[in-house]
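Colleague: The first sequence lines up with residues 0 to 668 when you count with numbering that gives the first Met the number 0. Backbone N, C-alpha and C define an ideal beta-carbon position, used for all residues, glycine too.
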Amino acid sequence: MGRFRLFDLNEPQRSAVTTIRGPLLILAGAGTGKTRVITARVAYLMAEGVKPENILAVTFTNKAATEMRERLAGMVEPDQAKKVTMSTFHALCVRILRAGIERLGYKNNFTIYDESDQLGLIRKIITRTAAQDEKLDPHQAKNLISKAKNNGWSAPADEKTLLSAVFARYQADLKTLNAVDFDDLLLLTVKLLSEHAEVREKWQLRFKYLMVDEFQDTNRLQLELVTLLADSNKNVAVVGDDDQSIYGWRGAEVANLLEFESHFPNPAVVKLEQNYRSTNAILGTANSLIKNNPRRRPKALWSAMEGGEKVRLIQAANDREEAQFVAEEIQRRSFAEGLPWEGFAVLYRMNAQSRLIEENLRRLQIPYRLVGGKSFFDSREIKDVLAYFSVLVNPDDDSNLLRIINTPARGISAGTIERATEWSARNKCSVWTALQSDGFLRELPARTVGKIAEFVELVDGYETKLNEPLADHHAVADKLLKEVGYAEDLKRTCKAADEVLKREENVRQLLQDLANFQGRSVKGLQGFLDEVMLDKSREEEEDIDKKKGVLLITLHAAKGLEFPHVFLIGLEEGVLPHDRSKVEGTLDEERRLLYVGITRAMRTLTLTYCRDRMKYGSVAPCHPSSFIKELAEEWIERKNLTEMMNAPVQEDAAKNGFARMRAMLARPT
DNA sequence: AATCGTCTGCTTTTT
DNA sequence: GCAGACGATT
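(1) Which ranges does the alpha helix (DSSP H) cover as unbroken runs of at least 4 residues, wholly within the segment 443-497, from first to last along the chain?
(2) Where do the N-terminal and C-terminal ends of the beta strand (DSSP E) with Gly32 fall, by residue?
(3) Compare the C-alpha of Pro155 against each of Gly28, Tyr461, Ala167 and name the closest.
(4) Quick check on Phe206: does DSSP put it in helix, strand or coil?
(5) Span of the alpha helix (DSSP H) holding Cys92?
(6) With respect to 7 Å, is the separation between the Cβ of Val41 and the closest non-hydrogen atom of the ligand NAP below this value?
(7) For the alpha helix (DSSP H) containing Gln12, list its first residue and its last residue.
(8) Assign Glu47 to buried or exposed, taking buried as 16 or more other Cβ atoms, counted over all protein chains shown, within 10 Å of its Cβ.
(9) If you reduce the DSSP assignment to three classes, tell me which class Ser398 lands in.
(10) Could you give the DSSP three-state label for Met45: helix, strand or coil?
(11) Mark Asn265 as exposed unless 16 or more other C-beta atoms lie within 10 angstroms of its C-beta, in which case mark it buried.
(12) Kindly indicate which three-state DSSP category Trp152 falls into: helix, strand or coil?
(13) Short check: CB of Ile381 to CB of Asn291, under 8 Å?
(14) Per DSSP, which residues does Ala267 bridge with? Please list them.
(15) Per DSSP, what kind of secondary structure is Asn639 in: helix, strand or coil?
(16) Where DSSP assigns a beta bridge to Lys614, which residues make up the other side?
(17) Under 8 Å: do the segment 72-88 and the segment 357-372 share three or more Cβ pairs, one atom per stretch?
(18) For Trp301, count the other beta carbons within 10 Å of its own beta carbon; 16 or more makes it buried, fewer makes it exposed. Which is it?
(19) Between the beta-carbon of Arg716 and the beta-carbon of Phe454, is there less than 8 Å?
(20) To the nearest angstrom, how far is the alpha carbon of Ser145 from that of Leu560?
(21) Leaving out five residues on either side along the sequence, give the residues of the same chain with a beta carbon under 8 Å from the beta carbon of Leu192.
(22) Please go through the same chain and pick out, in chain order, the residues whose beta-carbon is closer than 6 Å to the beta-carbon of Trp422, but skip the five residues on each side of it.
(23) If you compare alpha carbons, which of Arg311, Leu360, Asn350 is closest to Ala326?
(24) Roughly how many angstroms lie between the CA atoms of Arg4 and Leu209, to the nearest whole one?
(25) Using three-state DSSP, classify Phe375 as helix, strand or coil.
(26) If contact is defined by three or more beta carbon pairs under 8 Å, each pair taking one atom from either stretch, is the segment 107-121 in contact with the segment 394-402?
(27) Below 8 Å on the Cβ atoms is my contact criterion, and I expect Arg97 with Asp318 to pass it. Report the Cβ-Cβ distance as a whole number of Å.
(28) Skipping 5 residues on each side, what residues in its chain have a beta carbon closer than 7 Å to that of Lys535?
(29) Is it buried or exposed, Tyr615, if we count other Cβ atoms within 10 angstroms and call 16 or more buried?
(30) Going by C-alpha to C-alpha distance, which of His473, Ser86, Asn639, Val49 sits closest to Gly518?
(31) Alpha carbon to alpha carbon, what distance is there between Ala600 and Phe562?
(32) Quick check on DSSP: helix, strand or coil for Met532?
(33) What is the DSSP secondary structure of Asp180, counted as helix, strand or coil?
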């Protein structure tokens, strides 16, 4: 049984691990060893004779799935561990759909649309559908359609409003394009499993033991999916923490956790309440805050780590001073205690707040890592290359086809493209089909027909090359880009030389990723695209983990992480809780957001707020967050920033790094 | 087809 | 204060 030992677990953990029949609800507070329990439970199932291929563990992020997989590999035979399915909801759905989506009238080479693909299509539909005086914000439309789908509606109730017309059109277009968006992955899987008993039974037979992580974040469709996958035995173990539900705005239903009993009657319930992460000062602060929330599963987190430093609550004159303090304090502490930069994190409500912190860290030459923001995959060249790949797999997807049909320019004009799109709409087919239809080509001048034929031949030719046995996808892709002259096109369309270099490097990186993928998977170009679409942060996040430096991160993105020293900034009314939460009635969720932030801290926690803050380009006075008065005074130490900044460095704290610190502080800024 | 200027409207974003 | 979108202009 490898290195898996039950006696390493505390009593409730052990009970969670060894309860293997029937529904099980594990209420796992922050820092209570949740991942450990899940992986130990999988190992225990295997030790009890459950076949690894009959175990399914579902998570929300690829990162979590990977971590779990790695941990399990250290507990049981690695080749047995590989047979366990550990996957995100969406990746699982892709797998189920690739095997059976034909029953729903799609082809199994469907393309996965990300949010920008979605938005692009919706924009096009709105301009096509809206009357002169009608206006509909594409972003809003996208969000509303997404919300509707997550409620289980695959089509609008009527087509009376512009929105419902756009919704209907959007769903119909996706089907024609043989494309599915992220919501469809769930929606169509639920549809497939509920409407086709033989498919459902096949998967129920396959997965006899289900585990779901972060259950408080599941939405309606995800719960339905779990219900459909669980057979009559209902061996469903869910792990979650209602106090860490911070994705309600994305459709997550805490009710799935709070009312677990109504979906899976008579579950065993286990509470994990011993926290191994934080000091009692930090936990006491967190507990005092969260108890103000109604509708909770009552629980009391405790820690064996006595006391610890008090939580510091610091008022700054303005956001500039706040940022300056945070940066200097990180420097001071790091030098005084000889701590690496990775031990520090700065948490904030919104990304815009990172700017001043960045500036100040740079000024002090402190390395930092910024999570979030612009992605590698948002860049034009990556989208272009992925569009080429996508067209080779599914040429019926107009969006990707149109993206590359004349990129680089190959003599197919905007007018021709326009006519092809119209013709395809009239004849209810894809643009790709139109390009090969005599009826359409007849309308065009011979020269254009020739150009189109060349393009069709290009796509067909490379599709064939890719499908040859033992095809080296990286080499084929490289050859394709050379043949179309993509690099030259980059040089032509970019002004700055370093921009060209950057973009070329990105393309090179993507092709390298493809080569790596082929080295570890047999799923081909389609598999590569699936992975890219469902796990875009992959390379980036690995970078983040490898790099050193202070972590700058939003409260949302920080969930699941922990740091020895945490700075939580901007505790002001309007920022945290955010202004909008009051009109939207989501103050509880804002409170949980702060709770999540507080519970990230292991040893010290510093909360800051300002009297004035730059907002929308001008200075506005602000008030301390209403959450501050909920924090138990016994764990809090209020400090005056001005006094602190001027205070002499205390001797004992400074011993280790005093000289270095002096040198640093003396450095010109 | 590309670029410039003006307008707008400001969270969070696991997939 | 700034980014993103859109329309007018060359």
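Modeller: If we stick to the structure as given:
(1) Counting only runs of at least 4 residues, the segment 443-497 fully encloses the following alpha helix (DSSP H) elements, listed from N- to C-terminal order: 445-466, 472-483, 485-492.
(2) DSSP places Gly32 in no beta strand (DSSP E); its state is neither H nor E.
(3) In this structure, Ala167 is the residue among Gly28, Tyr461, Ala167 with its C-alpha nearest to the C-alpha of Pro155.
(4) coil
(5) 88-99
(6) As for the ligand NAP, it is missing from this structure, which has no ligand bound.
(7) 10-17
(8) exposed
(9) helix
(10) helix
(11) exposed
(12) coil
(13) no
(14) Leu23
(15) strand
(16) Ser617
(17) no
(18) Exposed, by the Cβ-count rule.
(19) As shown, the chain starts at 0 and ends at 668. That puts residue 716 outside it, with no answer to give.
(20) 28 Å
(21) Ile95, Val198, Arg199, Trp202, Leu224, Leu227, Leu228
(22) Ala433, Phe439
(23) Nearest C-alpha to Ala326: Leu360.
(24) 22 Å
(25) helix
(26) yes
(27) Actually they are not in contact, since the Cβ atoms of Arg97 and Asp318 sit about 49 Å apart, beyond 8 Å.
(28) For Lys535, same chain residues with a beta-carbon under 7 Å away, outside a window of 5 residues either side, are Ser374, Phe376 in chain order.
(29) exposed
(30) Nearest option by C-alpha distance: His473.
(31) 5 Å
(32) helix
(33) strand
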